[in-house]
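Let me begin by presenting the structure, written as structure tokens, before commenting on it.
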Amino acid sequence: MRPILVLAVLLLAALAVSVALGETALSLAQYADALARPASPVREILLGIRAPRAVCAALVGGALGLAGAVMQGLLRNPLAEPGVLGVSAWSASAAALVIATGAAAAPGAVETAALAGALAAGAVIAVIAARFREPETLILFGVALAALGGAMTALIFNLSPSPITIAEVQAWLQGSVDNRDWSDMAPELIPMALGAALCAYAAGGLRMLTLGEESAALSGLPMARLRVAAIAGAALLTGASVALAGIIAFVGLAAPHLVRGSVNDDPARTLAPSALAGAILLTLADLLARLIPSEEELRLGVVTALFGAPLFALVAWRAARSWRA
Amino acid sequence: MTTRLEIVDLTVVERGRTIVDGVSLSLQAGEVLGVVGPNGAGKTSLLRAALGLHRRQRGDVRLDGRELAHRGEAERARLVGYLPQERRVAWNMPARDIAALGAPDRAADEALALAESCLTELEVGALADRGVLDMSGGERARVLLARLLATRAGVLIADEPAAGLDPEAQFLILERLRARAGAGAAVIVTLHDLTLAARACDRIAVLHGGRLRALAPPADALSPEILAEVFALHGALVPTSAGLTLTATRVGATGSRL
């Protein structure tokens, strides 16, 4: 329980800092004014612009952290996460297709496409994982899936007649929580909550998979059902995140990695702390993206990739130890 | 005697090749049955197919009189425990938590207490807090066996539990499995060391090319004829003060010093 409490406090602190700090420097008097007067302009900056953005980052980070932890447990692989395995890329590609064809005007079309793309990638991974047991092999397939997702998106750009659409989709693909308000988040809460519930249901199965497929199959747990729940849960979380903020890689890798040691490496107990850690990481990453002075605001997906890619290499280095053993 | 496990005419075909061919055997409560045979004889496939981990072409597997496939997952887990040959562990969980995975149906603290007693039984109780990836291969093998013992199942099936272990650990592991048989469990182990098999098992099933070549007490199952035919060994099991011991040379190895 303790890691969860500590992380929850840290998350609240990160959210508070993220709301308090931003491009517009504020004086103490202005903060006091915002607290005192509901109609003050500073209050509008804090609660109308920064707060939804911070909460959106936390929500997406939490979903990706949880999705990463579930995928790692399911595939018994510390390198697994929605970005690395191509789930995000497929989700984004499906959403890009909807935008490029002009179908995005229909309410919920982009969200539905993003979820469908993520679920399709999840299903492909499930089939491959059942066939090939070696964790290294699965990552290689992930590389292929991610490349295919990227290629499909590139194809959509290629064939799209409208440069404005391309610019729109490209900006969104780089990942951002800029300009999100509460009404953007509301529809994603349902798939996220459902995904989280499925992940929680699968937790015991993930722990049992530590010993491998065969031991788990005979452990008495309903592994087939738990496996489907885990894949569907991770795909729903990823799809909802992509719909809300585009592709944000490596949060799902970093969050479980950071908390695993505090829960004795138990894949079931890694889930909740990973969600919290992912929320903290993305809240801080977004704060960084806003505060680093630059002509053009840094994209959140760019920031996480810059930190995440070296971390991926580090985790791969360390994972080699358990694969050799 | 109570028959715990009954395998009838079990046949496994993989990519057109018959790898287990009409094997029938039964296992009594209190018995340790050794399954031996050269590499590729079908030992692991036999066990995996019997447990439902591999598709059978034909044959029946009855656990306490009822077809295994008709039993639910939880019921099957209560009746039979399995230790696979594969010892890869995904996460660096402490030994205690790993062994406790043998008893997922019990309350957490009860499972952990059971896990500790099983670790102690295998003389790795002092390592209960250590991560399994920080252990030697032999230590980890004991932790995984502790997980099997923690299942408390009436039928225990261990695939190569002694592989890669030092001699003392091999004896210890077989002793503990024998102790479980003494307490009423039925145990199947696959082994490569024929001396160890002869000493630890009540009966030995010799597999050769997927077929059951012999099923008998060690001295009969590992007769000089079968050693020659199945294992290409020229020799015999000789009674010594420590028990039956294999003295043999490779068939055709004239002039070799081995």
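Protein chains in written order, with the numbering used here: chain A, 1318 to 1642; chain B, 2 to 259. By construction, the Cβ of each residue, glycine as well, lies at the ideal position given by its N, Cα and C atoms.
Check: Contact with chain B by A/P1452, beta-carbon distance below 9 Å; Outcome: yes
Check: DSSP state of B/P240 mapped onto helix, strand, coil; Outcome: strand
Check: Beta-carbon gap between A/E1398 and A/G1390 smaller than 9 Å; Outcome: no
Check: Alpha-carbon to alpha-carbon, B/V188 and B/G31; Outcome: 8 Å
Check: Beta-carbon neighbours of A/S1410, restricted to chain B and to distances below 9 Å; Outcome: What A/S1410 touches in chain B: nothing, since even the nearest Cβ is about 30 Å away.
Check: Chain A within 9 Å of B/D106, Cβ atoms only; Outcome: yes
Check: Contacts that B/V90 makes with chain A (C-beta to C-beta distance below 7 Å); Outcome: T1527 and L1528
Check: Minimum Cβ-Cβ distance from B/G155 to chain A less than 9 Å; Outcome: no
Check: Any C-beta of chain B under 9 Å from that of A/E1614; Outcome: no
Check: Test: A/N1496 CB closer than 9 Å to a CB of chain B; Outcome: no
Check: Residue ranges of each beta strand (DSSP E) within the stretch 184-252 of chain B, 3 or longer; Outcome: 187-191, 204-209, 212-217, 234-241 and 244-251
Check: Any chain A beta carbon closer than 9 Å to B/G53; Outcome: yes
Check: Neighbourhood of A/A1596 by C-beta, 6 Å cutoff - its chain only, sequence neighbours within 5 removed; Outcome: L1328, A1375, G1378 and G1379
Check: Own chain partners of A/A1592 with C-beta closer than 8 Å, once the 5 adjacent residues on each side are dropped; Outcome: G1379, A1380, G1382, L1383, A1386, A1513 and A1572
Check: Short Cβ contact (9 Å threshold) for B/P95 with B/D61; Outcome: no
Check: Interface positions of the stretch 1507-1538 of chain A facing chain B (Cβ-Cβ less than 8 Å), listed along the chain; Outcome: G1521, R1524, M1525, L1526, T1527, L1528, G1529, E1531, S1532, A1534, L1535, S1536, G1537 and L1538
Check: Residue interval of the beta strand (DSSP E) (run including B/S25); Outcome: R18 to Q29
Check: Where B/M2 meets chain A, residues with beta-carbon distance less than 8 Å; Outcome: Correct list: empty, because the minimum Cβ distance to chain A is about 25 Å.
Check: Minimum C-alpha distance to B/H209 - residue among B/T4, B/R181, B/G41 and B/D203; Outcome: B/G41
Check: Members of the stretch 1578-1597 of chain A near chain B, C-beta cut-off 7 Å; Outcome: N1581, D1582, D1583 and P1584
Check: Alpha helix (DSSP H) segment containing B/R79, residue limits; Outcome: E74 to L80
Check: Chain B residues whose Cβ lies nearer than 7 Å to that of A/R1393; Outcome: A91
Check: DSSP three-state assignment for B/D98, whether helix, strand or coil; Outcome: helix
Check: Of the listed residues A/A1351, A/V1336, A/E1340 and A/E1361, nearest to A/A1368 (C-alpha basis); Outcome: A/V1336
Check: Expected contact under 8 Å - CB spacing of B/D160 and B/T45 to nearest Å; Outcome: 6 Å
Check: Cβ neighbour criterion (16 or more within 10 Å) applied to A/A1468; Outcome: exposed
Check: B/L178 at chain A interface by Cβ criterion, 9 Å; Outcome: no
Check: Straight-line Cα distance separating B/G155 from B/L52; Outcome: 14 Å
Check: At least three beta-carbon pairs within less than 8 Å, the stretch 1413-1420 of chain A to the stretch 1612-1624 of chain A; Outcome: no
Check: For B/E226 and B/V252, the rounded distance between their alpha carbons; Outcome: 12 Å
Check: Per-residue burial, B/A91 [other beta carbons within 10 Å of its own, 16 or more giving buried]; Outcome: buried
Check: With 16 other Cβ atoms within 10 Å as the buried cut-off, status of B/M136; Outcome: buried
Check: First and last residue of the uninterrupted alpha helix (DSSP H) at A/L1472; Outcome: P1452 to L1476
Check: CB-CB length for A/G1556 against A/G1434, believed under 8 Å; Outcome: 7 Å
Check: Inter-stretch contact (C-beta, 8 Å, three-pair minimum) for the stretch 1400-1410 of chain A and the stretch 1461-1478 of chain A; Outcome: yes
Check: Closest residue to A/Y1518 among A/R1586, A/L1338 and A/R1448 (Cα-Cα distance); Outcome: A/R1586
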